[in-house]
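In this text, residue positions in the sequence shown follow the numbering used here: the first is 98, and each later residue adds one. Notes follow once the structure below has been shown.
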Amino acid sequence: MRTRLRLTRDGDAFVARLAPSQTAAMREALIYLRHRDDSDLTLTLQLGTGRETVDALIERLSGGHTE
């Protein structure tokens, strides 16, 4: 598995290009962290965001991608 992420600039934001293996690994890691019995504060400290955003990322990383 590649360990580097490709980032390209899109205006003021960056777009990450992930290989399929990277997508799967990131999704599984987020699922693991999301479903632990830690508090919302712990999740925010670990990932820099709350449960709603993590859920949205998991959904976005699930399934086939064309973009």
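Beta carbons are placed, not taken as given, at the ideal position from N, Cα and C, and that holds for glycine.
Nearest to residue i (by Cα), restricted to the options the options
{"i": "aspartate 134", "options": "Met123, Ala121, Arg148", "result": "Arg148"}
{"i": "leucine 158", "options": "Pro117, Gly108, Ala110", "result": "Pro117"}
{"i": "alanine 153", "options": "Thr139, Gln143, Arg124, Leu138", "result": "Arg124"}
{"i": "leucine 115", "options": "Gly108, Ile128, Arg103", "result": "Arg103"}
Cβ neighbour criterion (16 or more within 10 Å) applied to residue i
{"i": "valine 151", "result": "buried"}
Neighbour flag for residue i against chain C, beta carbons, 8 Å
{"i": "alanine 121", "result": "The structure shown contains no chain C, having only a single protein chain."}
Residue span of the beta strand (DSSP E) that contains residue i, given as start and end
{"i": "leucine 104", "result": "103–107"}
Host alpha helix (DSSP H) of residue i (start-end)
{"i": "alanine 126", "result": "117–131"}
{"i": "threonine 139", "result": "137–144"}
{"i": "threonine 150", "result": "148–158"}
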